[in-house]
Structure formats: structure tokens, C-alpha cells
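To convert, count from 1 in the sequence shown and add 7; that's our numbering.
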Amino acid sequence: MNTAVYSIQQVVRMMEHSELFACILLNEAGYYTYANQRFCRVTGWSPISLLETRADAYIHYADLDFFRHQLTNCRQNHGQKFSATVRYVHGHQTHTIQWELCCYANDLEEAIVGMGVLLSGEPLEEFAATKYAHQFNEYLDGVQDGFFALNRNWVFTRVNRFFEQVTNLSRHEMIGRSFWDIFPDSPDQPYAVAMRKAFDLGQTITFEQPWPPSYHFAVSASPSKEGIICYFIDISLQKKQQLELLANEIKLKAILDSTTDVNIMISPDMHILNFNRTAGILAEEYFQTKLYEGANFMNYVMPELRESFQDNFNRALSGEKLTMERPVSLPNGDAMWFQFLYYPVYSEAGDMLGVAMNITNINGRKTAEMKLLQQYDKMREIAYLQSHEARAPLSNILGLINVLMLYTEKTDDPEILQVLDHLHVSAARLDTVIQKIVSNTRHESD
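Below, the structure written as C-alpha cells:
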């Protein structure tokens, strides 16, 4: 037999004749499919009439939304318990029941099981028995979250085991004592403000309460005729993760704000998701308007860059990473060089979040590069001119030396022969140097 079905049937059998607990079953449509004798006796409704009654029928309007909300939580979180204090108004009678609700499901059916205890509506003697107190406390102690109840004088009437663990106080140390004696009233504490608000307005108040050193709770304070019922769950892990994410976000923003680069994240529909300090400053300088999250980024793109931006943005959305360099006209008529980097940004799940754009001022580097190119071109021109201007007269000199060398056979003068030999060697060396200059110049040109 399926475990969920077995659990439902087991609850029905155990609770049918209970004198302490009300027990109900609700189907997917929110109608009663079962109610034990205790619930029928308290409400005065017959088991047959209940089968055509919705679970939210006869509920006080102030409790209706919260009760429906808890039913939705049950359906969305099978197997988890959710509490709800509900006032039923029928004729001239009002009954308040504290419910613990849990949804069980299998392939054939889904059902919400409700186990409740009557808080008001019958003589108090029925609830003063030691047997009831013991069984009800055992039931509350089985709940994995925190619970305590106060009367209208702010005195503890009930606490569960988890609350004892959190406070390091036993229930005997708390029950009968004022809440404010143990937890002093302070406008700086969320619990103090919320508890008084719930009491004064008669509304369920939810809030978060840090509880050093180990806990952080999400708390629900619900009013009743007897006082206040508080239910709280431990969200310490979720809070720690939130704080870590916030710390990382602050560090990342500090890094981005300290750089002179422009950093902007743009959604697929071209709205600004995030930007750094430099981007905000440049937006005011260029466009005389402030940058803000949610703004249409196209309002901050210069007309001369729109076509290029649109093309690069679309390519980045398709998964490419792009880099381009180009001059940009300034408001004063000058131009500066910038490097534009576009790259896609994805979530951890792999969903496209948008495009990140990084803009770097490279005017200094570009100016230096262009100056070096100009110097290089000038040096090539000088080398070319020098090599070719010197080449012509050297060729003439070499020709004359060759002619003179013909006369060496007609003279025996050693000085003339030595001079001619030196001229020939020097001219040959000069010719070698010029040829090397010409060769290097041609090589650089290629």
C-alpha cells in the first residue's frame, strides 16, 4: 500500500474518537472529505453536510486570507507542516482552532490532513486536564519549528521543545512568566514592535528576527482571543547565503567603481541592469542626464555609434565576445580613442541575462602608437632618400675608379697605385653599406 495513503488512513483511524484533537481531510478542490467526531461536535456540523462544504466556509474574514495562504503552502510543499489559527463564526457561536496542516499525495489523490486543538468556544475545564496538556505538548514538541503562546497579559501559556533549545530555558522557567520579563520590550527589536502590532491591530504579523549567535528566524505572530500565538522557522542558512551574496556584490561593485573603465550590464531588451561609478559620471558629462537602472540604453548611445553598437550587441547576445577600437567625438569637438568590449552574461542555470559592455579610454596608447608610426615612416623616408641620393654619385665614383684602374698598367708610381687601391676599397665598402640600407628598407616595406 502506498505510504501516503496509509498515513492518511492511519490518522483517520487514530483520531476518529479523539476527545482532544479535531481532525479533517481536504481534497484538491478545498472541500471537506472527512471530519472526526470532535470537529463535528464543536462546530455542530454533521459529517454529511461537511462533504458539500468548503474548508474556508464560516471562517472569520480576518483569518481567511492567512488560512488560504497556508493551504496553498501545503499543496506546494508536500510533507511539510504549516500552522494556522482560525476563528469559525456560525450563528451566534465563535470557535477558535489552532491547526497543524500537512499535504500528502500519491498517484491517485492529494489530501491535506488537519489536526487541531480548540482554543476557545467551550468551557475551559475541558482543557485543564493534565492528560490533555501532556498530549498536546507532545504534539507540539514533534513540530520541527518553534512555537509559543501567550495570554492577553503577555504571560507564557505554552512553549515547545525547539523554543526551549533556542532560549536555553526550560518550559517550567517560562510558563507563567511575562514575555517581557524574559525578552525586554525594546523599540530596537523586531519582535517587540511586531508582537505589539499583532496584539493591538488583531492581525497576523510576519517579521524576521536575528538570534545570535546561531539563528535567524522568520516569525509569524497571530492574535487570538486568548492572546498571541507565535510560530517561527529557522532561516539561518538562507540568511547566511544572502549575506554572502550581498558581501560579494558589494566587493564587486567597489572594484568596478574604483576602475576608470566604463562597465554597464544591459538586458536583452536593451535596458540598463547595472553600471559603475565611471559610467554614471560620463553619462552626465556626455548627455547631461543621470544614468539609472531600468533606463533604455539607446538613449545613451551617440548617433555615430548606434549602428555599430546594435550590430555588436546582437552578436554578443548570440554568444560572441567582441572587441573594437575607434575614435569618438567629444562635445568640445575633439576626438578620443576608446576600446569597446562586448560579451554575453549568463546565470548559473545557463540562462541569458544580457550583455556586459566595457569601455576603456585608450587615447594615450593610440596617440603614442600613431606618433611611433609617424616617426617610423619618417625614418624610412630618410633612409630611402639617403640610400638613393648617395647611390647615384657612388656609381659615378666606382665608374671613374674602374677607368683609372686601366691606367695602372701604364704607371709605376707606387703612390698613385696605392691611392687608386684605397679609393677602390672605400668605394666598395660604401656601396655595400648603401645596398644593405636599401635592402632593409625594402624588407620593412614588404
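From the three backbone atoms N, C-alpha and C, an ideal C-beta is built for every residue, glycine too. Small disclaimer: the values here were computed from a predicted structure and weren't measured.
Mind checking residue i: buried by the 16 CB within 10 Å criterion, or exposed?
i: Pro-191; result: exposed
i: Lys-533; result: In the structure displayed, the chain extends from 8 to 453; residue 533 sits before or after that span and is not available.
i: Glu-107; result: buried
i: Met-122; result: buried
i: Met-364; result: buried
i: Asp-318; result: exposed
i: Ile-423; result: exposed
i: Pro-310; result: exposed
i: Arg-45; result: buried
i: Thr-439; result: exposed
i: Tyr-466; result: The displayed coordinates of the chain run from 8 to 453. Any statement about residue 466 would go beyond what the structure contains.
i: Asn-306; result: exposed
i: Ile-104; result: buried
i: Arg-313; result: exposed
i: Thr-92; result: buried
i: Tyr-39; result: buried
i: Asp-207; result: exposed
i: Ala-136; result: Note that Ala-136 scores a pLDDT of 41, beneath 50, so its modelled location is shaky; the value from the coordinates is reported in the next line. It counts as exposed.
i: Glu-129; result: Below a pLDDT of 50, predicted positions are generally treated as unreliable, and Glu-129, at 48, falls in that range; no measurement from the model is reported.
i: Asn-303; result: exposed
i: Glu-132; result: Because Glu-132 sits at a pLDDT of 38, beneath the cut-off of 50, its placement in the model cannot be relied upon, and the point is left open.
i: Pro-230; result: buried
i: Ile-119; result: buried
i: Phe-186; result: buried
i: Arg-165; result: buried
i: Ala-156; result: buried
i: Thr-3; result: Nothing in the structure corresponds to residue 3, since the chain is present only between 8 and 453.
i: Ile-279; result: buried
i: Phe-154; result: buried
i: Tyr-349; result: buried
i: Ile-189; result: exposed
i: Asp-70; result: buried
i: Ser-325; result: exposed
What distance in whole Å lies between the Cβ atoms of residue j and residue i, which are believed to be in contact at a cut-off of 8 Å?
i: Val-352; j: Met-277; result: Contact flag wrong, Cβ pair sits at about 14 Å.
i: Leu-7; j: His-97; result: Residue 7 lies beyond the range of the chain shown here (8 to 453); nothing can be said about it.
i: Val-49; j: Ala-64; result: Rounded, the Cβ-Cβ distance is 15 Å, inconsistent with contact.
i: Glu-332; j: Ile-369; result: 6 Å
i: Tyr-95; j: Ile-55; result: 18 Å between Cβ atoms; not a contact.
i: Val-269; j: Ala-286; result: 5 Å
i: Ala-435; j: Ile-404; result: That pair is no contact at about 10 Å.
i: Ala-112; j: His-85; result: 5 Å
For the alpha helix (DSSP H) that contains residue i, what are its first and last residues?
i: Asn-319; result: 310-324
i: Gln-77; result: 68-83
i: Phe-294; result: 284-294
i: Gln-44; result: 44-50
i: Glu-204; result: Sequence inspection shows Lys at residue 204; the Glu mentioned does not correspond to that position. Where Lys-204 is concerned, the enclosing alpha helix (DSSP H) stretches over 197-208.
i: Met-181; result: 178-181
i: Leu-57; result: 54-57
i: Phe-186; result: 186-189
Identify the continuous beta strand (DSSP E) that holds residue i and give its terminal residues.
i: Arg-356; result: Correcting the residue identity first, residue 356 is Ala in this sequence and not Arg. It is not in any beta strand (DSSP E) - Ala-356 carries neither H nor E in the DSSP assignment.
i: Asp-241; result: 234-241
i: Val-162; result: Where Val-162 is concerned, there is no enclosing beta strand (DSSP E), given that its DSSP letter is neither H nor E.
i: Thr-174; result: That residue, Thr-174, is in no beta strand (DSSP E); its alpha helix (DSSP H) goes 168-174.
i: Glu-229; result: With the sequence shown as reference, residue 229 is identified as Ser, and Glu is not the correct amino acid for it. Per DSSP, Ser-229 belongs to the beta strand (DSSP E) from 222-230.
i: Ile-273; result: 269-273
i: Glu-332; result: 329-336
i: Tyr-111; result: 100-112
i: Pro-217; result: 212-218
i: His-97; result: 88-97
i: Phe-28; result: 28-33
Compare the C-beta of residue i against all C-beta atoms of chain D and say whether one is closer than 7 Å.
i: Thr-330; result: Among the chains in the structure shown there is no chain D, since it carries only a single protein chain.
Flag residue i as yes when its Cβ comes closer than 6 Å to any non-hydrogen atom of the ligand FMN, and as no otherwise.
i: Leu-280; result: This structure does not include the ligand FMN; it has no bound ligands of any sort.
With contact counted as at least three CB pairs below 8 Å, one residue from each stretch, are the segment 162-182 and the segment 195-207 in contact? no
Examine the Cβ distances between the segment 238-251 and the segment 220-230 and report whether three or more of them are shorter than 8 Å. yes
How about the segment 363-381 and the segment 336-350: do they share at least three Cβ pairs that are nearer than 8 Å? yes
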